[in-house]
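Asks: There's a structure below that I have some questions on.
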DNA sequence: CGGGGTCTTGATCTCAATCAACCAATGTGG
DNA sequence: CCACATTGGTTGATTGAGATCAAGACCCCG
């Protein structure tokens, strides 16, 4: 799970084994054949092919299953890309039909997710970005403090929150400057500490 | 299914029979007990109770099932309100477990829906409103031309598209004036004809 | 009749988009 | 290892779409 071409967009042979995906890598492409995956860690962005390129269509975070539609159609509906480094494992690889209870749970989780992602597109720029980081770190539900979040590319943040890249750049530095966020590193090594993200929730 | 209190927010006894819901009526409230429903016609808005009131969390259109999470939890996760007049019928009322295939289909449909609703929050005001109307009339997939769409309250349109009520009001008159949309009636009797909505898609 | 919710319209202001450079990292091939 | 191209991120100046504030009209209901 890494000997693949380094070009993110070269659709290599469909992945079939568990493994790590680097930030920015395409996990699978819409319309390709393949199976479902569980996200063991990291965050994934889902896009729908549209008339003008790929369009943001959803997100998956640690614990979620992506590509479940392949159990029905055999092909992926969306394109999946890793926002931060991800660990994936095949889910339901044997095509054994998952139980109704399980599927109902996934359905409910998907609807919850929808609500959260939708909320990332309302409010002021600072709010949106902060909520995205919270969402990516698992919100307040985690016990572990001070988790470091590796930032996705600004372009991804921009498309998810429906802001421009420039605004996102300015917003992050601003949040860092006023102490709302603790930003460390630059470029591909940029992180924010979850602790400070949590802290805002008063 | 109508002898209930006319106050939309008085949570009467849980609905158990098929019937029509008027525009603006609350179908069920988050946390209440009840079952799942299939939307035979009309559109529904789903909201999540948040710190500052209800927050827009999703939509359901003709053919969708709402409240499926009750099969798992027994209670509704969201509050559902009719955007336009709706006809509903109980779904899976006997609590018989629906088949895996069916649930997978619903899961896929929900993800598709998520992508569409998300798209309603990007682009310029005119785009958003127009796409919402398209979405509510079933997009381009319907054969029947010239279907009339009863408009939801401007406040609902505003919250769905993340615009202000004033902007929505101005946008609709503007779209009507320039011929992009055919608007008829005023206030609660306002409609747009789907034909012209379709027409725009060049 | 009132009165509250809904819609419209106008004037003003603000936040973020846009346009335009520029720099910093990474990657490529000679 | 160095020139070069490409991608990703930053920063500044300007603009514009839509938010906000305010007032009034309309509708529906009791």
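Chains as they are written, first to last, in the numbering used here: chain B, 1 to 202; chain L, 203 to 404. Cβ atoms here follow ideal geometry from the backbone N, Cα and C, with glycine treated the same way.
How should residue 128 (chain B) be labelled, buried or exposed, when 16 other C-beta atoms within 10 angstroms of its C-beta is the threshold for buried?
Replies: By the 10 Å Cβ count, residue 128 (chain B) comes out buried.
Asks: Would you mind giving the Cβ-Cβ distance between residue 208 (chain B) and residue 120 (chain B), rounded to the nearest angstrom? I have them listed as a contact below 8 angstroms.
Replies: Any answer about residue 208 (chain B) is impossible in this case: the structure gives chain B only from 1 up to 202.
Asks: Find the residues of chain B that neighbour residue 324 (chain L), judging by a C-beta separation of less than 7 angstroms, and give them in chain order.
Replies: Ordered by position in chain B, the residues that pass the 7 angstroms Cβ test against residue 324 (chain L) are 162.
Asks: Which residues of chain B have a Cβ atom closer than 8 angstroms to the Cβ of residue 274 (chain L), listed in chain order?
Replies: Here the neighbours are 101, 104, 105 and 108.
Asks: Show which residues of chain L have a CB atom less than 7 angstroms away from the CB atom of residue 135 (chain B).
Replies: Going along chain L, no residue has its Cβ under 7 angstroms from residue 135 (chain B), so there is no contact; the nearest lies around 14 angstroms.
Asks: So, is residue 178 (chain B) buried or exposed, given that buried needs 16 or more other C-beta atoms within 10 angstroms?
Replies: So residue 178 (chain B) ends up on the exposed side.
Asks: What do you reckon, are the CB atoms on residue 30 (chain B) and residue 48 (chain B) nearer than 9 angstroms?
Replies: Cβ atoms of residue 30 (chain B) and residue 48 (chain B): closer than 9 angstroms.
Asks: Going by beta-carbon coordinates alone, are residue 350 (chain L) and residue 395 (chain L) separated by less than 9 angstroms?
Replies: For residue 350 (chain L) and residue 395 (chain L), yes; Cβs fall inside 9 angstroms.
Asks: Between the beta-carbon of residue 64 (chain B) and the beta-carbon of residue 44 (chain B), is there less than 9 angstroms?
Replies: Cβ distance < 9 angstroms, so residue 64 (chain B) and residue 44 (chain B) count as in contact.
Asks: Evaluate contact between the region 277 to 291 of chain L and the region 351 to 359 of chain L, counting only Cβ atoms and requiring at least three cross-stretch pairs below 8 angstroms.
Replies: Touching, yes.
Asks: Between B:27, B:97, B:136 and B:39, which has its C-alpha nearest residue 78 (chain B)'s C-alpha?
Replies: For residue 78 (chain B), the nearest C-alpha among the options comes from B:27.
Asks: Following the continuous alpha helix (DSSP H) through residue 372 (chain L), name the residue where it begins and the one where it ends.
Replies: From DSSP, the alpha helix (DSSP H) with residue 372 (chain L) extends over 367 to 379.
Asks: Please decide whether residue 370 (chain L) counts as near chain B, where near means a Cβ-Cβ distance under 9 angstroms.
Replies: No, its Cβ sits nowhere closer than 9 angstroms to a Cβ of chain B.
Asks: Identify every residue that forms a DSSP beta bridge with residue 25 (chain B).
Replies: In DSSP, residue 25 (chain B) forms no bridge with anything.
Asks: Starting from the beta carbon of residue 263 (chain L), find every residue of chain B whose beta carbon is closer than 8 angstroms, and list them in chain order.
Replies: Near residue 263 (chain L) there are no residues of chain B at all, since even the closest Cβ is about 14 angstroms away, more than 8 angstroms.
Asks: Beta-carbon of residue 271 (chain L) versus every beta-carbon of chain B: anything under 9 angstroms?
Replies: Closer than 9 angstroms to some Cβ of chain B, the Cβ of residue 271 (chain L) qualifies, so yes.
Asks: Going by other Cβ atoms of all chains shown within 10 Å of its Cβ, with 16 needed for buried, is residue 388 (chain L) buried or exposed?
Replies: Burial call: exposed.
Asks: Taking Cβ positions only, does residue 46 (chain B) come closer than 9 angstroms to chain L?
Replies: Yes, because at least one Cβ of chain L sits closer than 9 angstroms to the Cβ of residue 46 (chain B).
Asks: Are the CB atoms of residue 38 (chain B) and residue 21 (chain B) nearer to each other than 9 angstroms?
Replies: Contact: no.
Asks: Using a Cβ cut-off of 9 angstroms (strictly closer), state whether residue 290 (chain L) contacts chain B.
Replies: Residue 290 (chain L) does not count as touching chain B.
Asks: Pull up the distance between the alpha-carbon of residue 316 (chain L) and that of residue 188 (chain B), whole angstroms please.
Replies: Using only the alpha carbons, I get a separation of about 30 angstroms.
Asks: Give the interface partners of residue 319 (chain L) over in chain B, defined as CB-CB distance under 9 angstroms, in chain order.
Replies: Simply 114 and 118.
Asks: Please classify residue 389 (chain L): does DSSP put it in a helix, a strand, or coil?
Replies: Here residue 389 (chain L) sits in helix by DSSP.
Asks: I need the boundaries of the alpha helix (DSSP H) containing residue 258 (chain L), first residue and last residue.
Replies: From DSSP, residue 258 (chain L) is part of no alpha helix (DSSP H) but of the beta strand (DSSP E) over 255 to 262.
Asks: Compare the C-beta of residue 276 (chain B) with all C-beta atoms of chain L and state if any pair is closer than 9 angstroms.
Replies: Not covered by the structure: residue 276 (chain B). The range shown for chain B is 1 to 202.
Asks: Run through the DSSP bridge pairs and tell me what residue 115 (chain B) is partnered with.
Replies: Looking at the DSSP assignment, residue 115 (chain B) forms no beta bridge with any residue, so it has no partner.
Asks: Taking only the alpha-carbon atoms, compute the straight-line gap between residue 60 (chain B) and residue 312 (chain L) and give it to the nearest angstrom.
Replies: Near 14 angstroms, if we compare the C-alpha coordinates of residue 312 (chain L) and residue 60 (chain B).
Asks: Within the same chain, show all residues whose beta-carbon is closer than 7 angstroms to that of residue 343 (chain L), passing over the 5 residues directly before and after it, in chain order.
Replies: Note that residue 343 (chain L) has pLDDT 48, beneath the 50 cutoff, so the model's placement of it is unreliable and no number is given.
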